[in-house]
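Residue numbering for the sequence shown is 440 to 549, as defined by the working numbering. Here a beta-carbon is modelled for each residue, glycine too, at the ideal position from N, C-alpha and C. Given the structure is predicted, the values throughout are model-derived calculations rather than measurements. I have placed the structure first, in the form of structure tokens, so that the comments after it can refer back to it.
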Amino acid sequence: WVALELVFFGLALIFYNAYLPQIVENHWIVRRAIRNEKSTEKVCAIKQQLSDDMSQYGFACGYFGSLFMTIVATVIFAVSETTEYEQFTGYGLTSGTSNNEEWMKAVDMV
Numbered sequence: 440w441v442a443l444e445l446v447f448f449g450l451a452l453i454f455y456n457a458y459l460p461q462i463v464e465n466h467w468i469v470r471r472a473i474r475n476e477k478s479t480e481k482v483c484a485i486k487q488q489l490s491d492d493m494s495q496y497g498f499a500c501g502y503f504g505s506l507f508m509t510i511v512a513t514v515i516f517a518v519s520e521t522t523e524y525e526q527f528t529g530y531g532l533t534s535g536t537s538n539n540e541e542w543m544k545a546v547d548m549v
């Protein structure tokens, strides 16, 4: 399963890196700079800054989401009631009233 997870994680990074330049190119700040006929160096600097900012924001949202869900899961585990288990140890049948032992292996029912 880990290999499959790594494949999909790699695909997510590939698509992320593929779409980031298009998202930056269509950002309103870049469009306005091109429309106002800023120099090519200025437009490239704006694109680079936006690309860095968007990438940092995306990764920060991912880390925040995973931290948030970890906290939610911890709270759910802490709040949930403790479950009491009844342990049955013996050999053979675990239900019914038959005295016939159908198999002879240890039975631990939780």
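First and last residue of the uninterrupted alpha helix (DSSP H) at residue i
i, result
"N456", "V441 to E464"
Contact check, residue i vs residue j, beta carbons under 8 Å
i, j, result
"S478", "L459", "no"
"V482", "I473", "yes"
"V469", "I485", "yes"
Any non-hydrogen atom of the ligand FAD within 7 Å of residue i CB
i, result
"T513", "The ligand FAD is absent from the structure shown, which contains no ligands of any kind."
For residue i, three-class secondary structure by DSSP
i, result
"K477", "coil"
"S519", "coil"
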